[in-house]
Amino acid sequence: MVGVAKGLLAHPAVTRAMITGGARAIGDSRVENLRRLRENGYEGETVLLRAPSLSRAREVVCYADTSLNSDPLTVRALGEAARCMGKVHRVILMVDLGDLREGVLPEDAEGVAREMTGIPGIDLKGIGTNMACYGGAIPTREKMGELLGIRAGIESGLGVSLKTVSGGNSANIGLVLAGHMPPGITELRIGEGVILGREAIERLPIPGCFQDALVIRAEVIEVLRKPSKPWGRIGQDAFGRIPVFDDCGVRKRAILALGRQDVDPEGIRPVDKGVRVIGASSDHLICDVEDAERSLTVGSTLDFLPNYGALLLASTSPFVEKVVQ
Ligand SMILES: *Cc1c(COP(=O)(O)O)cnc(C)c1O
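Residue numbering for the sequence shown follows my numbering, beginning at 15 and increasing consecutively.
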């Protein structure tokens, strides 16, 4: 397993926990996060998950031991940078099995692998695929079989042996749990599964994992009973939309010091029963707390469980303090 740290911007405590928990390497899609890891003293293998930008080949080779690639020109630049630094950079060739994000088409994999193996400073370590991220294409046993077939084709066509077959991300966990992952798949790159304790196809809990290891906590800055429908002439809201409201009468509402700059309000779930997120602007989160079991006042805090998107925003917001307990 490659522990994927980008959901928490490679927070040192989280990456340490991943390694302690058995991850072989740490992966991230941003070079900046890999650099942060190194600067925090991590000495294990680093994997860059997003294809390197051609303009940043030197930095990539400096902070990543391995990167996922589909373009020979980029790999050539990585090879040159690696030779300048007296290093060998490892490359996983990505193959697109239908999700339509990164990767060469299956029929082109052998040709591209041939180009990449000839590049000085580069070790073509294996092939990989990434699914269920853009197109929603699900990794199945058949898709994994297809990937293994592509490896076999490259190995026999080029007379090389490929150590790594990197089968995917947290969307592949269901296959593993069901015992349907073919043995030739040597690696998975797992972020959400570790961080939120869920697989990424139906977002089902992974047995034995916590689903509440990460909590977003916000402070109440106003509690008032108000009508549930705006009054006066109604125009656009802060984001250019004309909002529509149901009239549920007068309700108790809490405003929290959290906004769209920090989370996706559709991606957080209140831990308290009877609390409902009803909306947000850039800096204000509005909750209906009429039926809350706890009495809330200014200064109270409310906890929310984030989905991956909300977590990513909260991690990235400089206004959200990160606390490890
Ligand atoms: C983000 C990412 C992962 C990890 O995805 P999770 O669903 O969080 O496990 C794996 N591979 C690549 C290429 C990624 O970009």
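Don't be surprised by glycine CBs; every beta carbon is placed ideally from N, CA and C.
Query                                                                                         : Result
Helix, strand or coil at V285 [DSSP, three-state]                                             : coil
Three-state secondary structure assigned by DSSP to S11                                       : Here the chain covers residues 15 to 339 and nothing more, so residue 11 does not appear.
With 16 other Cβ atoms within 10 Å as the buried cut-off, status of M145                      : buried
7 Å CB neighbourhood of L310 in its chain, flanking five on each side removed                 : V234, V237, A268 and V303
Backbone secondary structure at F175 - three-state DSSP                                       : In the sequence as presented, Phe is not what sits at residue 175; that position holds Ser. Coil.
Element boundaries [alpha helix (DSSP H), containing V338]                                    : Neither: V338 is in no alpha helix (DSSP H) and is coded neither H nor E.
Extent of the continuous alpha helix (DSSP H) to which S331 belongs                           : It is not in any alpha helix (DSSP H) - S331 carries neither H nor E in the DSSP assignment.
Same chain, Cβ closer than 7 Å to N54, five either side skipped, listed in chain order        : P26
Contact under 9 Å by Cβ, T80 with G117                                                        : no
Limits of the unbroken beta strand (DSSP E) element including R290                            : R290 to A294
Ligand 1 heavy atom lying under 8 Å from the CB of I204                                       : yes
Buried or exposed by the 16-neighbour rule on C-beta atoms within 10 Å, applied to H194       : exposed
M108, DSSP secondary structure in three states                                                : strand
Cβ-based burial, F253 [other Cβ within 10 Å; buried from 16]                                  : exposed
Cβ pair G211, C223 closer than 9 Å                                                            : yes
Of the residues G313, C301 and A271, the one placed nearest E335, counting alpha carbons only : A271
Proximity winner among L161, S175, R155 and E169, relative to L191 (alpha-carbon distances)   : R155
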